[in-house]
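Engineer: In this note's numbering, the protein residues as written are 15 to 382.
Built from N, CA and C at the ideal position, the CB exists for glycine as well.
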Ligand SMILES: *Cc1c(COP(=O)(O)O)cnc(C)c1O
């Protein structure tokens, strides 16, 4: 029997521990902890990778979202439409920017459903926040059209989608600003919290620059009330190394996804996320491999017995199902999906053999 953890936290350090220790030592020996060379290098590398004008490392993905919304001018009295199937941080960011999150349904690919967004637009709607969930970028064409038609801004939660593309355009580059997270289990994970905002808008960039560092301008004076939300220079140094090898990580994830499809494509009891070659308009990076499964809880117990650990995102509840937040949603697909959704292991410590084993266990469960 194998022992396959859902995520292998030691691996993200141990796979190249000597290089990371060397980088860490060099940075610390220089006493370069906050807003130093490594951060500037990482921001330049991120701009280069995504082909954008501006990138700012910040404390985490949640702050990246809050600052993006504030920089876009979203605040009290505004409504922002966001899918209910997302991490609570997406809606919390809207709340902390002073606006109201309005929750939309998702479709079969688990991403924001544009029909649902359209029904939720009111005179107060100021922006749409698509969440590029699980490493896939939504079909942005109808979302962009809707935004143009109603004069809405787009601020992307691309925290799970660094490097993912729709029609050759990167997640995070469709709207006024895009937010990324470098939480350890994200596809580009550092050894703690980290995040970034990207934008092609000079005015938004100027706001982010101020917001993330106490509102301090280049003249050393405080221009506005800001936050303390900088990306640690040590984490930036680690991320510099990781970004150089990032294409390998993406390739690995896509080959694991392909393998899952080869083995499970004919199992009618499970709905898989779209495969890597399913649609040439999409380039998915498989932050997660989120399936829907019949008899989900029994399947998870069966896999667990075979040594395969799985999880359910958000503890099994989407945002409108957290009663204490007091948010409602007319989200029929999301409602049904939450009875069946779960994540299979998907990370760079996993081998194709591991996937074969996991799929064998799933096929056995369904008597295939
Ligand atoms: C991880 C994540 C965030 C928040 O990122 P943190 O770095 O943990 O603050 C926001 N939205 C989504 C969809 C995420 O997966």
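Closer than 7 Å: is that where the CB of residue 209 sits relative to any heavy atom of ligand 1?
Structural biologist: As a working note, residue 209 is residue 195 in the chain shown. For ligand 1, at least one heavy atom lies less than 7 Å from the Cβ of residue 209.
Engineer: Taking just the CA atoms, how far does residue 198 sit from residue 31?
Structural biologist: For the purposes of this step, residue 31 is taken as residue 17 along the chain shown, with counting starting at 1. For the purposes of this step, residue 198 is taken as residue 184 along the chain shown, with counting starting at 1. Roughly 15 Å between the two C-alpha positions.
Engineer: Per DSSP, what are the beta-bridge partners of residue 351 in this structure?
Structural biologist: As a first step, residue 351 is located in the chain shown; it is residue number 337 there, counting from the start. Answer by DSSP bridge pairing: none, since residue 351 is not bridged.
Engineer: State the CB to CB distance for the pair residue 225 and residue 231, rounded to an integer number of angstroms; the pair is presumed to be in contact (CB under 8 Å).
Structural biologist: Here residue 225 refers to the residue found at position 211 when the chain shown is read from its first residue. Here residue 231 refers to the residue found at position 217 when the chain shown is read from its first residue. No, residue 225 and residue 231 are not in contact; Cβ-Cβ is about 12 Å, not under 8 Å.
Engineer: Given a cut-off of 8 Å on the beta-carbon distance, is the pair residue 118 and residue 137 in contact?
Structural biologist: Sequence index remark: in the chain shown, residue 118 carries index 104 (1-based). Sequence index remark: in the chain shown, residue 137 carries index 123 (1-based). No, the Cβ-Cβ distance between residue 118 and residue 137 is not below 8 Å.
Engineer: Mind pulling the beta strand (DSSP E) runs of 3 or more residues that sit fully within the stretch 23-53?
Structural biologist: Runs of the beta strand (DSSP E) inside the stretch 23-53: none found.
Engineer: If you draw a straight line from the alpha carbon of residue 266 to that of residue 48, how long is it in whole angstroms?
Structural biologist: Locating residue 266 in the chain shown gives position 252, where the first residue counts as 1. Locating residue 48 in the chain shown gives position 34, where the first residue counts as 1. Roughly 33 Å separates the two Cα atoms.
Engineer: Could you have a look at residue 139 and say whether DSSP puts it in helix, strand or coil?
Structural biologist: Against the chain shown, residue 139 aligns to sequence position 125. Residue 139: strand per DSSP, three-state reduction.
Engineer: Can we say the stretch 43-59 touches the stretch 176-189, given the rule of at least three CB pairs closer than 8 Å?
Structural biologist: These segments do not touch.
Engineer: Using a threshold of 8 Å, state whether the C-beta atoms of residue 303 and residue 287 are closer than that.
Structural biologist: Position 289 of the chain shown, counting from 1, holds the residue named residue 303. Position 273 of the chain shown, counting from 1, holds the residue named residue 287. Yes; because the gap between Cβ atoms is below 8 Å, this pair is in contact.
Engineer: Which of the three DSSP states, helix, strand or coil, is assigned to residue 242?
Structural biologist: Position 228 of the chain shown, counted from the start, is the residue given in the question as residue 242. Three-state result, residue 242: strand.
Engineer: Tell me the DSSP secondary structure of residue 215 in three-state form.
Structural biologist: The residue given as residue 215 occupies position 201 in the chain shown. In the structure shown, residue 215 sits in coil (DSSP, three-state: anything other than H, G, I, E or B).
Engineer: Give every residue of the same chain whose Cβ lies closer than 7 Å to the Cβ of residue 41, excluding the five residues on either side of it in the sequence, and list them in chain order.
Structural biologist: The sequence position of residue 41 within the chain shown is 27, counting from 1. 52, 247, 248 and 251.
Engineer: Does the beta-carbon of residue 242 have 16 or more other beta-carbons within 10 angstroms, so that it is buried, or is it exposed?
Structural biologist: Here residue 242 corresponds to residue number 228 of the chain shown, with the count starting at 1. The residue in question, residue 242, is exposed, as its Cβ has fewer than 16 Cβ neighbours within 10 Å.
Engineer: When the Cα atoms are used, what is the spatial distance from residue 106 to residue 167?
Structural biologist: Reading the chain shown from its first residue, position 92 is the one you call residue 106. Reading the chain shown from its first residue, position 153 is the one you call residue 167. So the alpha carbons of these two residues sit roughly 18 Å apart.
Engineer: Which one of 76, 228 and 132 has the shortest CA to CA distance from residue 171?
Structural biologist: The count along the chain shown starts at 1 and reaches residue 171 at position 157. Of 76, 228 and 132, the residue nearest in Cα terms is 76.
Engineer: Does the separation of the CB atoms of residue 274 and residue 373 fall below 8 Å?
Structural biologist: Taking the first residue of the chain shown as position 1, residue 274 is located at position 260. Taking the first residue of the chain shown as position 1, residue 373 is located at position 359. Contact flag set, yes.
Engineer: What's the gap between the Cα of residue 67 and the Cα of residue 222?
Structural biologist: Counting from 1 along the chain shown, the entry for residue 67 is found at position 53. Counting from 1 along the chain shown, the entry for residue 222 is found at position 208. About 13 Å.
Engineer: Compare the beta carbon distance of residue 114 and residue 147 with 8 Å and say whether it is the shorter of the two.
Structural biologist: As a first step, residue 114 is located in the chain shown; it is residue number 100 there, counting from the start. As a first step, residue 147 is located in the chain shown; it is residue number 133 there, counting from the start. No.
Engineer: Given 7 Å as the limit, tell me if residue 75 has its C-beta closer than that to any heavy atom belonging to ligand 1.
Structural biologist: Counted from its first residue, the chain shown places residue 75 at position 61. At least one heavy atom of ligand 1 is nearer than 7 Å to the Cβ of residue 75, so yes.
Engineer: For the beta strand (DSSP E) containing residue 192, name the first residue and the last one.
Structural biologist: Locating residue 192 in the chain shown gives position 178, counting from the first residue. Residue 192 -> beta strand (DSSP E) spans 191-195.
Engineer: In the DSSP assignment, find the unbroken beta strand (DSSP E) run with residue 120 in it and report its ends.
Structural biologist: The sequence position of residue 120 within the chain shown is 106, counting from 1. Run containing residue 120: none; DSSP gives neither H nor E here.
Engineer: Do you know how far the Cα of residue 236 is from the Cα of residue 18?
Structural biologist: Counting from one through the chain shown, the residue named residue 18 turns up at place 4. Counting from one through the chain shown, the residue named residue 236 turns up at place 222. Residue 18 and residue 236: Cα-Cα distance of roughly 51 Å.
Engineer: For the alpha helix (DSSP H) containing residue 379, list its first residue and its last residue.
Structural biologist: Walking along the chain shown from the start, residue 379 turns up at place 365. Here the alpha helix (DSSP H) through residue 379 covers 366-379.
Engineer: Assign residue 210 to one of three DSSP states: helix, strand, or coil.
Structural biologist: Mapped onto the chain shown, residue 210 falls at position 196. Three-state result, residue 210: strand.
Engineer: Which of the three DSSP states is assigned to residue 105 in this structure?
Structural biologist: Numbered from 1 along the chain shown, position 91 holds the residue referred to as residue 105. Three-state DSSP puts residue 105 in a helix.
Engineer: Determine the direct distance from the alpha carbon of residue 193 to that of residue 259, and round the result to whole angstroms.
Structural biologist: For the purposes of this step, residue 259 is identified with residue 245 of the chain shown, where counting begins at 1. For the purposes of this step, residue 193 is identified with residue 179 of the chain shown, where counting begins at 1. Spanning the two alpha carbons is a distance of roughly 21 Å.
Engineer: Tell me, please, whether the stretch 210-221 touches the stretch 79-99 by the rule of three or more beta-carbon pairs shorter than 8 Å.
Structural biologist: These segments touch.
Engineer: For the beta strand (DSSP E) holding residue 71, just list the boundary residues, first then last.
Structural biologist: Here residue 71 is taken as the residue at index 57 of the chain shown, counted from 1. From DSSP, the beta strand (DSSP E) with residue 71 extends over 68-72.
Engineer: How should residue 54 be labelled, buried or exposed, when 16 other C-beta atoms within 10 angstroms of its C-beta is the threshold for buried?
Structural biologist: Locating residue 54 in the chain shown gives position 40, where the first residue counts as 1. Result: exposed.
Engineer: In the DSSP assignment, the alpha helix (DSSP H) including residue 252 goes from what residue to what residue?
Structural biologist: For the purposes of this step, residue 252 is taken as residue 238 along the chain shown, with counting starting at 1. Residue 252 -> alpha helix (DSSP H) spans 247-258.
Engineer: Beta-carbon within less than 7 Å of residue 189's beta-carbon, same chain only, minus the 5 sequence neighbours each way: which residues are those?
Structural biologist: One-based indexing of the chain shown puts residue 189 at position 175. Cβ within range, chain order: 167, 168, 169 and 170.
Engineer: Could you tell me if the beta carbon of residue 28 falls within a distance shorter than 7 Å of some heavy atom in ligand 1?
Structural biologist: By one-based count along the chain shown, residue 28 stands at place 14. No, Cβ of residue 28 sits at least 7 Å from all heavy atoms of ligand 1.
Engineer: Based on the DSSP secondary-structure assignment, which residues constitute the bridge partners of residue 168?
Structural biologist: If you number the chain shown from 1, residue 168 lands on position 154. Bridge partners of residue 168: 142.
Engineer: Relative to the C-alpha of residue 347, which residue among 253, 93, 125 and 377 is closest?
Structural biologist: If you number the chain shown from 1, residue 347 lands on position 333. Closest option to residue 347, Cα to Cα, is 125.
Engineer: Look at the alpha carbon of residue 282 and the alpha carbon of residue 254, and state the distance between them as a whole number of angstroms.
Structural biologist: Locating residue 282 in the chain shown gives position 268, counting from the first residue. Locating residue 254 in the chain shown gives position 240, counting from the first residue. About 42 Å.
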